[in-house]
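Visitor: Structure provided below as structure tokens; questions to follow.
2 protein chains.
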Amino acid sequence: MSNRLRWLLLGSPLSTQQENEERLGNPHALAVFSPDALSSIAYANQEIFLGLAIAGSVALNLSFPIALAIVGLLIILSLSYFQTIQGYPSGGGSYIVARENLGTFFGLVAGGALLLDYLLNAAVSLSAGVAAIASVFPILAEYRVGIALFLLAVITIINLRGVRETGKLISIPVYGFLTIYFGMLIWGLIQVLRGALPPGVYAPLPVSEPLTLFLILHAFSTGCTALTGIEAISNGVQSFRSPESRNAGKTLVVMAVIMGLLFLGSIGLTQYLAVIPNAHETILSALARRIFGSGILHLLIQAATMGILVVAANTSFAGFPRVASSLARDRFLPRQFQALGDRLVFSNGIIFLSVACGLLIILFDADTHLLVPLFAVGAFLAFLLSQTGMVIHWLRTRERSWRIKAVLNALGAALTGITLLVVWITKFLDGAWITVVFIVGVVYLFLRIKSHYDEVARELSLDGLPPTLRPPGPLRVIVPIHSVHRGTIEAIRYAQSVSANVIAVFVELEPGSGEHIRQKWHAWFPELPLEIVSSPYRSVIGPLLAFLDETDQRYNDSQLSTVLIPEFVPVKWWHGFLHNQTAWGLKLALLYRRRRLGYQRMIIDVPIHLKR
Amino acid sequence: MSNRLRWLLLGSPLSTQQENEERLGNPHALAVFSPDALSSIAYANQEIFLGLAIAGSVALNLSFPIALAIVGLLIILSLSYFQTIQGYPSGGGSYIVARENLGTFFGLVAGGALLLDYLLNAAVSLSAGVAAIASVFPILAEYRVGIALFLLAVITIINLRGVRETGKLISIPVYGFLTIYFGMLIWGLIQVLRGALPPGVYAPLPVSEPLTLFLILHAFSTGCTALTGIEAISNGVQSFRSPESRNAGKTLVVMAVIMGLLFLGSIGLTQYLAVIPNAHETILSALARRIFGSGILHLLIQAATMGILVVAANTSFAGFPRVASSLARDRFLPRQFQALGDRLVFSNGIIFLSVACGLLIILFDADTHLLVPLFAVGAFLAFLLSQTGMVIHWLRTRERSWRIKAVLNALGAALTGITLLVVWITKFLDGAWITVVFIVGVVYLFLRIKSHYDEVARELSLDGLPPTLRPPGPLRVIVPIHSVHRGTIEAIRYAQSVSANVIAVFVELEPGSGEHIRQKWHAWFPELPLEIVSSPYRSVIGPLLAFLDETDQRYNDSQLSTVLIPEFVPVKWWHGFLHNQTAWGLKLALLYRRRRLGYQRMIIDVPIHLKR
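Structure, rendered in structure tokens:
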């Protein structure tokens, strides 16, 4: 039954040979990797407005200049990443670029930063998506955590199905969003040019802070969250059809152009029409309502916004597992993140991301404004390390026109570095400090995991072991018995087939019961020793453990006794409660001692099958 | 550390020899077994009032006559149980008496009824205890579930410490309660005789139902909850010092007299003074306030009431595990209820009762009035079966003066039967139907458990087995390996010491990796076979299971292959997440298949110890 459910939700397994067929065409790839970037207008605009509004309505006229600065940064970053794709055609995420050029440590910082950023992107996008639809139906705002978690579950299942199907499914919302938004912006522009939409004047707003440089930089840095999706394509070059890097580069350029137009267009119109949001409505919703009125078109725009935001969260599900897999391949994360699942996706990474994102949504109450200060820090840190790494890369490889490429990447690194500093300083107390703690912690964890795996590899190494090995001495097998019945006899027969040195042990709870067992025992196994252990406190496990230790000491042959545990296998599940308490207790006690003593015995489980 | 906590909470283990020293002197025994009966005035009075009040204030004058009828029943029941104690000096709970005289089925009905009654007594007493103290501090009413659960936890821990200490600890609240209550009743009587407390007149109450016979019987049947503790002593004869039945009989008479006086005294004064309760205050609290005013004495009375109710819940902790142990000894309940824990108490029964009672308190919101309709049915059913059983007992044994004893028990049975009928009819829809469902269900469960144990005993019987057994053929041991390292070599060496027929198996996830392993393998174990299983869908567990099944078919020697699972034993707990995923997955899959296929393989756990 669980297999049928699995098949229904996730589809049938895909074989390794099918991997190549899962590659994406450019339009599908754009749909998979761009939503993070494209959708960010849904929250970046809003954050710029909120950042400026506290200095009064005059400050709001700085929205467009700030947007221009951000688009400038977008151009530099796109060119930088275009070069990264050419330099790392096999997929050059910030982690790989930084590790190869700046060393392991900076690679890990980039990797941790990227993981954090993907995680936050998923949480922010889902929260903003719910806010978009709640702008039309304010009653939904109350249930935003539940709705966000439901969307998260849907995305998780879709991603566990595999990359190509993800690409197909999400093309609809992505291209739907682009059509509708460009339609709105063009129609808005036409109306403005026709004079049907006159320029707006901001109503005076209460001024709570003066318009300082810090405040402007703060608004700029919150707006920079718009840029967080830009590196997605460079991480996923391997998902493109060949020639991979050419296709990836083209797709990156198309994405950057679309994004720049959307961002400038929406912010430009918002400022020209002096649109302001309110507590129940996002700024984009207010803009759409100004252009189209409160009708079906407004609803359509908001639905499309939610759609793109949900698939933006999806971008994280493409990126996070890839980075985790790279880290796991280098032994900085547990092995299981490395493995492709049976649908050719990194299932463990997807599941981990989903759980972490769900916790974040619950913790931050699905509130975009609370989550945004944490956002962007991770992304810009990764950008900085990646760009710096690329400069080193060009200096080292001296490929064709390396000078101009190095200069371009250096420019990108410098601008990113300045932005990162601004973001960090202006948003530190708002929550950016959490990201610092997180990145430091996660890098420490990476290093600990790696050093553990290295240590294990050293311990398990075969160097220095003689090629022929002495066969070990005969085992000593100890079988705890409760009474002499068919099951006991099966267990003892099995023990005898394992070793000639079998010792049975009986724990005497009621005085005198040992003698009774001994007589029965000798009738069946006249030659096998049976030891009777008395238990004045009526405990079974304690005396058994003591007997095991004592036997090892008595024999003193540098061998731990093996414990053979007979276990009943009932036919009906509830019969399980009626048997095996001692077997489970003994196993649990051996496990607990393993933690305490640092060693564990060999255990042989012998099932005794019951027929009814 | 968990051992030290255990010692602190529960004390050191007690040896079997100490069992006799744990017997109780009569005053302590009274404190252990009587609180259930004595404390019931705290809710029975209230329920009689609530039952009559709906017919208006005139009906309230029936309180005292109803109390008289209940005390009449108390006298008959006490005499009956006095005889039971003489007839069953080794402890004659309803379960044993009914089973021996009426047959297994009625014994089980009595046993199930008793278990239910003990459970409800604990829940009702704790709820009423919290209500008593909330009558003084109304703010506590809001937190009643939490307070009741806290008290439950305290009682559980005290009981896990053992019987004698329980007796000592609870003597204080029991004798404190008796002193204070008799003091109040006597002082009230003196005041009445002096004329300082004039007779009250009930204010007119809204009449919602006419005063029918049904209504009177309903009030009577709710009042009968007062009698539910009467059988406790007869279940626990074994806890008394010898001569057990003499001591138990004496204690029963003392308990019945005290209880009758308390009940008649409190109801008599309540009616004489026309005391009525309100939503925030119990009727006993109102009575105490009338006699003593709202001072320190009133608080003291309420504290004593809570105290006796808490130890009344404690009575269930003495009785429930004993009945469960008797049922387990006869194989109607899982074996673990039979065993004495290391403090000479039936620990498993105590823990089970505690959990069930906690759930009941949460489910019924710690509301006495909701719980009471379920109560008493179980007790009276057990009484009926016990009394009827005693009639048969006397007819069979024909001991000295058996005629008069049989008549007395028959009278008890008849009255109990009538009362049970009344209780059932008048409270069926209020919740008594739940008890019918419960008792039917639990008797069915008893019979199923017994039949399972009987079946297992038949299956495991040695009858017909030849006394000398052919030794089994050599084992086939299959070792799944992941790579060739020191751990693999340890595991293979162990496998070789178990059997000469060892097969290693490697699941090839990446095409080509198998060849690499094979070369390394042949350098180390030139003579041992290594099988390579390809896995196109990158799953490890599935191909391994298929290989096991296929190997068994290939050899076709009526033997299931044994699986040897090497497992890393890390030093630090969190390293566990970095290893053994395949080992755990394989074990889980084998367990899951056990459910599905009905058989399980032998499993050998070989620990590979890591040093750091």
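Protein chains in written order, with the numbering used here: chain B, 1 to 612; chain C, 1001 to 1612.
Glycine included, C-beta positions come from ideal geometry on N, C-alpha and C.
1) Suppose you measure from the CA of residue 577 of chain B to the CA of residue 1334 of chain C; what does that come to, to the nearest Å?
2) Let me know the alpha helix (DSSP H) ranges lying completely inside the region 1553-1612 of chain C, each 4 residues or longer, listed in chain order.
3) Would you kindly report the start and end of the unbroken alpha helix (DSSP H) that includes residue 301 of chain B?
4) Please report the residue range of the beta strand (DSSP E) in which residue 1480 of chain C lies.
5) Give the range of the beta strand (DSSP E) segment to which residue 532 of chain B is assigned.
6) Decide yes or no for the touch test of the region 1289-1299 of chain C against the region 1116-1129 of chain C: beta carbon pairs closer than 8 Å, at least 3 of them.
7) Return helix, strand or coil for residue 631 of chain B, following the three-state DSSP convention.
8) For residue 339 of chain B, which residues in chain C fall below 8 Å Cβ to Cβ?
9) What in chain C is Cβ-close to residue 605 of chain B, meaning under 7 Å?
10) DSSP three-state label for residue 1428 of chain C, please.
11) Does the Cβ-Cβ distance between residue 1544 of chain C and residue 1601 of chain C come in under 7 Å?
12) Please determine if the region 1302-1313 of chain C and the region 1038-1045 of chain C are in contact, where contact requires at least 3 C-beta pairs separated by less than 8 Å.
13) Leaving out the 5 sequence neighbours to the left and right, which residues in its chain are closer than 7 Å to residue 1406 of chain C when beta-carbon positions are compared?
14) Using the rule of at least 16 other Cβ atoms within 10 Å of the residue's Cβ for burial, across every protein chain shown, is residue 359 of chain B buried or exposed?
15) State whether the region 201-220 of chain B contacts the region 353-367 of chain B, with contact taken as three or more CB pairs (one from each stretch) at a distance under 8 Å.
16) Measure from the C-beta of residue 1577 of chain C to each C-beta in chain B and report whether the shortest distance is under 7 Å.
17) Out of B/554, B/388, B/441 and B/56, point me to the one whose CA is closest to residue 211 of chain B's CA.
18) For residue 225 of chain B versus residue 376 of chain B, is the C-beta spacing smaller than 7 Å?
19) Opposite residue 1024 of chain C in the DSSP bridges: which residues?
20) Secondary structure at residue 399 of chain B, three-state DSSP: helix, strand or coil?
21) Hey, residue 43 of chain B and residue 372 of chain B are a contact pair by Cβ (cut 8 Å); roughly how many whole angstroms apart?
22) If residue 144 of chain B and residue 132 of chain B are in contact, beta carbons under 8 Å, what's the gap, nearest whole angstrom?
23) For residue 1076 of chain C, I'd like the list of residues in its chain whose CB is within less than 7 Å of its CB, leaving aside the five on either flank, ordered along the chain.
24) If you follow the alpha helix (DSSP H) that residue 1498 of chain C is in, where does it begin and where does it stop?
25) Please report the straight-line C-alpha distance between residue 945 of chain C and residue 1504 of chain C, rounded to a whole angstrom.
26) At a CB-CB cut-off below 9 Å, which residues of chain C make contact with residue 86 of chain B?
27) Identify whether residue 1506 of chain C lies in helix, strand or coil by the three-state DSSP scheme.
28) Measuring only the C-alpha atoms, how far is residue 1507 of chain C from residue 1361 of chain C?
29) What residues match up with residue 501 of chain B in a beta bridge as DSSP calls it?
30) Would you verify that the beta carbon of residue 1329 of chain C is, or is not, closer than 7 Å to some beta carbon of chain B?
31) Compare the beta carbon distance of residue 484 of chain B and residue 520 of chain B with 7 Å and say whether it is the shorter of the two.
32) Strictly below 9 Å CB to CB, what residues from chain C border residue 494 of chain B?
33) At the level of alpha carbons, what is the spacing between residue 1277 of chain C and residue 1215 of chain C?
34) Any idea if residue 1397 of chain C is buried or exposed, counting beta-carbon neighbours within 10 angstroms, 16 or more meaning buried?
35) Taking only beta carbons into account, state which residues of the region 1479-1490 of chain C come closer than 9 Å to chain B, listed in chain order.
36) Would you be able to state if there are at least three C-beta pairs under 8 Å between the region 1426-1434 of chain C and the region 451-460 of chain B?
Guide: Looking at the coordinates:
1) The sequence position of residue 577 of chain B within the first sequence is 577, counting from 1. The sequence position of residue 1334 of chain C within the second sequence is 334, counting from 1. Computed Cα separation, rounded: 7 Å.
2) Entirely contained in the region 1553-1612 of chain C, the alpha helix (DSSP H) runs reaching 4 residues are, in chain order, 1581-1597.
3) Within the first sequence, the letter at position 301 stands for residue 301 of chain B. Residue 301 of chain B -> alpha helix (DSSP H) spans 296-329.
4) Numbered from 1 along the second sequence, position 480 holds the residue referred to as residue 1480 of chain C. Start and end: 1476-1481.
5) Here residue 532 of chain B refers to the residue found at position 532 when the first sequence is read from its first residue. Residues 530-534.
6) no
7) A question about residue 631 of chain B goes unanswered here, because the residues of chain B that appear run from 1 up to 612.
8) As a position in the first sequence, residue 339 of chain B is number 339, starting the count at 1. Those within 8 Å of residue 339 of chain B in chain C are 1509 and 1538.
9) Along the first sequence, one-based indexing puts residue 605 of chain B at 605. Those are 1602 and 1603, listed as they occur along chain C.
10) For the purposes of this step, residue 1428 of chain C is identified with residue 428 of the second sequence, where counting begins at 1. If DSSP states are grouped into helix, strand and coil, residue 1428 of chain C belongs with the helices.
11) As a first step, residue 1544 of chain C must be located in the second sequence, where it is residue number 544. As a first step, residue 1601 of chain C must be located in the second sequence, where it is residue number 601. Their beta carbons are not under 7 Å apart, which means residue 1544 of chain C does not touch residue 1601 of chain C by this criterion.
12) yes
13) To locate residue 1406 of chain C, count along the second sequence from 1; it is residue 406. So the list reads 1391, 1394 and 1395, once near-sequence residues are dropped.
14) Mapped onto the first sequence, residue 359 of chain B falls at position 359. Classification of residue 359 of chain B: exposed, given that the 10 Å Cβ count is below 16.
15) no
16) Residue numbering aside, residue 1577 of chain C sits at position 577 when the second sequence is read from its first letter. Interface flag for residue 1577 of chain C against chain B is set, since a Cβ pair is found closer than 7 Å.
17) In the first sequence, residue 211 of chain B corresponds to position 211, counting from 1. The shortest Cα separation from residue 211 of chain B among B/554, B/388, B/441 and B/56 belongs to B/56.
18) As a first step, residue 225 of chain B must be located in the first sequence, where it is residue number 225. As a first step, residue 376 of chain B must be located in the first sequence, where it is residue number 376. Result yes, Cβ atoms of residue 225 of chain B and residue 376 of chain B sit closer than 7 Å.
19) The residue you call residue 1024 of chain C lines up with position 24 of the second sequence. DSSP output for residue 1024 of chain C lists C/1240 as bridge partner(s).
20) Counted from its first residue, the first sequence places residue 399 of chain B at position 399. In the structure shown, residue 399 of chain B sits in coil (DSSP, three-state: anything other than H, G, I, E or B).
21) Locating residue 43 of chain B in the first sequence gives position 43, where the first residue counts as 1. Locating residue 372 of chain B in the first sequence gives position 372, where the first residue counts as 1. Between residue 43 of chain B and residue 372 of chain B a beta carbon distance of about 7 Å is seen, short of the 8 Å cut, so the two are scored as contacting.
22) Within the first sequence, the letter at position 144 stands for residue 144 of chain B. Within the first sequence, the letter at position 132 stands for residue 132 of chain B. Between residue 132 of chain B and residue 144 of chain B the Cβ distance is about 11 Å, and since that is not below 8 Å, they are no contact.
23) Within the second sequence, the letter at position 76 stands for residue 1076 of chain C. Same-chain partners within the cutoff: 1411, 1412 and 1415.
24) Working through the second sequence from its first residue, we reach residue 1498 of chain C at position 498. Looking at the DSSP string, the run of the alpha helix (DSSP H) that includes residue 1498 of chain C is 1486-1498.
25) The shown model of chain C, from 1001 to 1612, leaves out residue 945 of chain C, and the question about it has no answer.
26) Taking the first residue of the first sequence as position 1, residue 86 of chain B is located at position 86. By Cβ distance, chain C contributes nothing, its closest Cβ being about 29 Å from residue 86 of chain B, past 9 Å.
27) For the purposes of this step, residue 1506 of chain C is identified with residue 506 of the second sequence, where counting begins at 1. Of the three classes helix, strand and coil, the one that applies to residue 1506 of chain C here is strand, per DSSP.
28) Indexing the second sequence from 1 puts residue 1507 of chain C at position 507. Indexing the second sequence from 1 puts residue 1361 of chain C at position 361. Those two C-alpha atoms are separated by around 53 Å.
29) Against the first sequence, residue 501 of chain B aligns to sequence position 501. According to DSSP, which records beta bridges pairwise, residue 501 of chain B is partnered with B/476.
30) Position 329 of the second sequence, counted from the first residue, corresponds to residue 1329 of chain C. Closer than 7 Å: no.
31) Residue 484 of chain B sits at position 484 when you count from the first residue of the first sequence. Residue 520 of chain B sits at position 520 when you count from the first residue of the first sequence. In this structure, residue 520 of chain B lies closer than 7 Å to residue 484 of chain B by Cβ.
32) The sequence position of residue 494 of chain B within the first sequence is 494, counting from 1. Residues of chain C passing the Cβ test: 1472, 1475, 1562 and 1602.
33) Here the question's residue 1277 of chain C lines up with position 277 in the second sequence. Here the question's residue 1215 of chain C lines up with position 215 in the second sequence. Between residue 1277 of chain C and residue 1215 of chain C, the C-alpha separation is close to 19 Å.
34) In the second sequence, counting from the first residue as 1, residue 1397 of chain C sits at position 397. With fewer than 16 Cβ atoms within 10 Å of its Cβ, residue 1397 of chain C is classed as exposed.
35) 1483, 1484, 1485, 1486, 1487, 1488 and 1489
36) No: fewer than three Cβ pairs fall under 8 Å.
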